[in-house]
Amino acid sequence: MKKRARFIEKFSFTLIKIMSFTIIFFLLFFLFYIFSKGYSALSIDFITKFPENNMTEGGIFPAILGTLFLIIGSTLFSVPVGIMTAIYLNEYPINPKLLNIVRMMINNLAGVPSVVFGLFGLSVFVIFFKFGSSMLAGSLTLGILNLPLIIRSTEEALKTVPDSYREASLALGATKWQTIRKIVLPSAIPGILTGIMLSMGRAAGETAPIMFTCATFYIPYIPTSIFSEVMALPYHIYVLATAGTEIEKTRPIQYGTAIVLIALVLILNLAGMILRYKYKKRFEE
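The numbering used here runs 73 ahead of the 1-based position in the sequence shown.
Structure, rendered in structure tokens:
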């Protein structure tokens, strides 16, 4: 029995290592392929200039700016709503049957294809509320898309906080809300930040929701209103690769834009890791 158990353990670890190295290999191959195709387009002008000559020259500055606007707008909507929802579900007494139904609905919402959210945003925000094709409509649509991720990650982070923290705070005379605000939330911030950064990265890379609600092929100016249309990196790649007038000529720009998008998501993730480490260290001290 011991030999069999050791064999199974060794085989399992070997299989895990093979799978891990396979994932790393494909990730590195993917990054190398993208970089080899797009590095020639990268330059300061590529980052800071507007597109020129039917998108075949110039830069992607408005697309970068538009992506950042959408990330910020969707985060401002989804984070407060998602965190407050998670707090209510985890910290306040709810009928167990109702709680299970709500969680099931949240999980189902997380599995809905992004194109459906795009159609929802088009019907509700663009047409019904008459926001038109705008940053506001796109941000709200992306915010709803990210709500399940924020809620689930926050709820899991709150569950990691020991009940003894809550009991000690209540025993000292603190109210329920004071306990949540000053004890529970600070303890759960590292996990909450992880969910927020993942949602921001997802908002940066989605194409279908913004295609129906806010994205445009080209604008010769920087948006000055939440009701303005915007360029965005994922939609810029999609248009150049599928509907551009000179697809082959813009191929380096397509891959260069993809590199910038990957770098943006990487920066967001690194920022999240730094903030998570900072708050975790502060709480441990």
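Just so you know, even glycine gets a beta-carbon here, dropped at the ideal spot from N, CA and C.
Closer than 7 Å: residue i CB and nearest the ligand MG heavy atom
| i | result |
| --- | --- |
| Pro282 | In the structure shown, the ligand MG is absent, as is every other ligand, since no ligand is present at all. |
Residue i versus residue j: straight-line alpha-carbon distance, rounded
| i | j | result |
| --- | --- | --- |
| Lys203 | Ser113 | 42 Å |
| Tyr311 | Pro263 | 34 Å |
| Asn126 | Leu215 | 31 Å |
| Ser206 | Ser85 | 52 Å |
| Ala241 | Gly155 | 27 Å |
| Asn63 | Met178 | Coverage of the chain is limited to positions 74 through 358, which leaves residue 63 absent and any answer about it impossible. |
| Leu100 | Leu213 | 32 Å |
| Ala247 | Ile200 | 47 Å |
| Arg79 | Ile89 | 15 Å |
| Met192 | Glu82 | Strictly speaking, residue 192 in this sequence is Leu, with Met absent from that position. Going from the Cα of Leu192 to the Cα of Glu82 covers about 48 Å. |
| Ala244 | Lys255 | 14 Å |
| Phe102 | Gln251 | 50 Å |
| Ile137 | Leu115 | 14 Å |
| Leu143 | Asn342 | 17 Å |
| Arg77 | Ser226 | 39 Å |
| Gly139 | Lys170 | 42 Å |
| Leu149 | Pro166 | 27 Å |
| Glu321 | Met346 | 38 Å |
| Ala210 | Ser260 | 34 Å |
| Thr330 | Lys249 | 48 Å |
| Gly268 | Leu218 | 13 Å |
| Ile97 | Lys110 | 20 Å |
| Ala336 | Arg176 | 34 Å |
| Phe119 | Phe94 | 34 Å |
| Leu359 | Gly274 | Examination of residue 359 is not possible in this model, given that the chain is present from 74 through 358 alone. |
| Phe190 | Ile283 | 9 Å |
| Thr58 | His309 | Residue 58 is absent from the model: the chain starts at 74 and stops at 358. |
| Asn173 | Phe123 | 50 Å |
| Ile145 | Ile295 | 16 Å |
| Gly131 | Ile332 | 16 Å |
Cβ-Cβ separation, residue j to residue i (assumed contact under 8 Å), whole Å
| i | j | result |
| --- | --- | --- |
| Ser147 | Ile223 | In fact, because the Cβ distance is near 10 Å, the residues do not count as touching under 8 Å. |
| Val338 | Ala277 | 6 Å |
| Tyr352 | Leu266 | 7 Å |
| Phe285 | Leu195 | 4 Å |
| Thr121 | Phe108 | 20 Å between Cβ atoms; not a contact. |
| Ser151 | Leu220 | 5 Å |
| Ala314 | Gln327 | 5 Å |
Endpoints, alpha helix (DSSP H) assigned at residue i
| i | result |
| --- | --- |
| Pro153 | Phe134 to Glu164 |
| Met177 | Pro169 to Ala183 |
| Pro296 | No alpha helix (DSSP H) holds Pro296; DSSP gives it neither H nor E. |
| Arg225 | Met208 to Lys232 |
| Glu240 | Asp236 to Ala244 |
| Leu192 | Ser187 to Gly194 |
| Thr95 | Lys75 to Gly111 |
| Ile262 | Leu258 to Gly278 |
| Leu252 | Note on residue identity: the sequence assigns Thr, not Leu, to residue 252. Segment Lys249 to Thr252, the alpha helix (DSSP H) holding Thr252. |
Residues that DSSP places opposite residue i in a beta bridge
| i | result |
| --- | --- |
| Glu125 | Glu130 |
| Ala331 | In DSSP, Ala331 forms no bridge with anything. |
| Ala288 | Val303 |
With three or more beta-carbon pairs closer than 8 Å as the criterion, would you say the region 151-167 touches the region 288-298?
no
Measuring CB atoms only, is the region 293-304 touching the region 222-239, in the sense that at least three cross pairs come out at less than 8 Å?
no
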